[in-house]
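Contents: one structure, followed by commentary.
Numbering (our numbering), first residue to last: -6 to 83.
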């Protein structure tokens, strides 16, 4: 079996892990389901553009669904906050 490794920031992994726990599955199951949905939409121009855009910003930014660990406080000398789900997650 072939393998693909996904390197996640701790804030990204925390969000994926929490979602997996809610569904009573492993984080790998969430990642595979996301890949499955993406591949099913592979002919969609927006999906292709999203892959290229994500590759471009990923090194410098966290996605909106990640926890707040990499928030503005981390780089503006503000007090640290405990990681928390992003506002969009409810």
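Cβ coordinates follow ideal geometry from the N, Cα and C atoms, glycine included. All figures in this text were calculated on a predicted structure; none of them were measured in a lab.
Please work out which residues of its chain come closer than 8 Å, Cβ to Cβ, to residue i, disregarding the five sequence neighbours upstream and downstream, and give them in chain order.
i: residue 10; result: 20
i: residue 24; result: -1, 9
Taking only the alpha-carbon atoms, compute the straight-line gap between residue i and residue j and give it to the nearest angstrom.
i: residue 15; j: residue 27; result: 16 Å
i: residue 13; j: residue 50; result: 25 Å
i: residue 42; j: residue 22; result: 25 Å
i: residue 6; j: residue -6; result: 24 Å
i: residue 47; j: residue 29; result: 17 Å
i: residue 0; j: residue 57; result: 17 Å
i: residue 8; j: residue 38; result: 27 Å
Using the Cβ count rule (16 or more neighbours within 10 Å means buried), how would you classify residue i?
i: residue 4; result: buried
i: residue -4; result: exposed
i: residue 34; result: exposed
Apart from the five residues just before and just after residue i, which ones in its own chain have a Cβ nearer than 7 Å to its Cβ?
i: residue 31; result: 40
Within the same chain, show all residues whose beta-carbon is closer than 6 Å to that of residue i, passing over the 5 residues directly before and after it, in chain order.
i: residue 36; result: none
Just list the alpha helix (DSSP H) runs in the segment -4 to 74, keeping only unbroken ones of 4 residues or longer that don't cross its boundaries, in chain order. Runs of the alpha helix (DSSP H) inside the segment -4 to 74: 3 to 16, 20 to 33, 38 to 50.
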